Amino acid sequence: MQQVSEVVNSWNEWDPLEEIVVGSADGANFEPTEPGNRPQIRNAPPGTPFPSGPKSAEAVDRANEELAGLVSLLESEGVRVRRPAPHDFSQSVRTPDFEAANQYCAVCPRDVMITIGNEIIEAPMSRRSRFFEYQPYRELVYEYWNADPRVVWTTAPKPSMADKMYRDGFWDWPLAERHERMHSFEFCVTQDEVVFDAADMSRFGRDIVVQESMTTNRAGITWLKRHLEPKGFRVRPVHFPLDFFPSHIDCTFVPLRPGLVLTNPDRPLREGEEELFEANDWELVEAPEPTTGNNEMPEFCQSSKWLSMNVLSIGPNKVICEQQEKPLQELLYKMDFEVFPVPFRNVFEYGGSLHCATWDVRRVGAGEDYFPNSDYQPLA
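Residues 1 to 380 (the UniProt record's numbering) are what the sequence shown spells out, left to right.
Listed below in structure tokens is the structure:
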């Protein structure tokens, strides 16, 4: 297994938190329509064009105020908080293979950056507007890398994002066709290039659980296996066949502490995949219905109501939860968690909640085996 670093060290989602990066809404733009993404205004008539260009100053200020509240809470708990560098997201993106009118934002570092032990991995991303989204974090990564020779820094291979990388017609499939295809797990990206978002991974010590989704394909999972298995990790794909637009695991399957996972009642695991958890005495607890329905989410938010599940653990019995999610808070209290409610609804417009808006760099602890009773077949 990897070495323990005093600078970069995070093996799971729940160990006591010491250092974290919290996102920023500064310079945020509306996400453009592209082959990997078709944003829509909630409750608007079909064909209503989605806005383009920079977010309003008011929208940015509202999100930043809530992000600052999260920063204050974390610092009050003794956590060192870092922030991304300023970036001009209004810049267009142009490569030999594609063009994008503008970039997106740095609200959700979880999507592009992940710490696995003493290693920082930059994900290749799946959308054109997010091709350069690693840039706001580069100064921090260099700082960590220079501070400790045990820190490993890996950038996954960038996909072409050419038209051929995306499945033509995916966004126009009717619901009946999605039902027919739901067990084949073929989404908007094809299987020809390595594609994954970091937020499709959940860390369980020695085991990395990866969702196959619209933002992570089988080639991406194969790359992760080839990269991480020689270091002693087991990469385990999971699937949620009732989610027709799966993107990022942290609103679907959320480990809270050893032996406990918060699950999404609308998105059960594929039959048979629960056996790994049952054989190792993990309890799968369904999240309560969110307080906000899909039609009541912010009009420009592209995520589902299940952002309610997107909590941030700052210790094995300490969880930060969105302020309005009272039913979830009550469930967590009953399971003996100390719950820290914070307002975060205005951040939803930017594609995530508390877990999405953070990238944990250092937690107390080392790599543990939480699945001793399991069969695992490595690639080689």
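Cβ atoms here follow ideal geometry from the backbone N, Cα and C, with glycine treated the same way. All figures in this text were calculated on a predicted structure; none of them were measured in a lab.
Cutoff 7 Å; reference residue i; Cβ partners in own chain excluding five residues on either side
i    : result
P96  : none
V141 : I120, W153
M161 : D97, F98, R128, F131
V311 : V254, V319, I320, C321, L354, H355
E34  : A100, R127, R128, S129
Short Cβ contact (9 Å threshold) for residue i with residue j
i           : j    : result
D200        : V112 : no
G351        : S303 : yes
residue 384 : I249 : There is simply no residue 384 to check, as the chain begins at 1 and stops at 380 in what is shown.
G315        : L70  : no
V238        : E212 : yes
P288        : R345 : no
V107        : G23  : yes
E338        : N317 : yes
E19         : R257 : no
E13         : V342 : no
Y104        : N29  : yes
W11         : A366 : yes
P86         : P109 : no
Straight-line Cα distance separating residue j from residue i
i    : j    : result
P39  : P149 : 42 Å
E186 : W306 : 22 Å
H183 : T48  : 32 Å
F244 : T291 : 22 Å
P84  : H355 : 16 Å
R218 : Q191 : 6 Å
V60  : V21  : 18 Å
G232 : V194 : 21 Å
A101 : T215 : 20 Å
Y144 : R181 : 44 Å
L228 : P46  : 44 Å
H179 : R203 : 30 Å
P230 : G27  : 40 Å
D360 : R82  : 10 Å
I41  : P174 : 19 Å
L260 : K334 : 13 Å
P54  : F340 : 32 Å
T252 : L328 : 14 Å
Alpha helix (DSSP H) segment containing residue i, residue limits
i    : result
Q211 : Q211 -> not in any alpha helix (DSSP H); beta strand (DSSP E) instead, spanning 207-211.
T222 : 218-228
R178 : 175-181
Neighbourhood of residue i by C-beta distance below 8 Å, restricted to the same chain and skipping five residues each side
i    : result
R236 : D207, I208, V209, V210, L276, Y376
V151 : S5, V7, V8, N118, E119, I120, Y144, W145
K225 : V235, P378, L379
R138 : A85
R62  : N346
Limits of the unbroken beta strand (DSSP E) element including residue i
i    : result
L17  : 17-22
F371 : It is not in any beta strand (DSSP E) - F371 carries neither H nor E in the DSSP assignment.
V361 : 358-363
M201 : 201-204
Which runs of the beta strand (DSSP E) spanning at least 3 residues fall entirely within the region 71-151, listed in chain order? 80-82, 113-116, 119-122
Whole alpha helix (DSSP H) runs in the region 265-345 with 4 or more residues, listed along the chain? 275-279, 326-334
Could you give the uninterrupted runs of the beta strand (DSSP E) lying entirely in the region 234-267, keeping only those of 3 residues or more? 234-238, 253-257, 260-263
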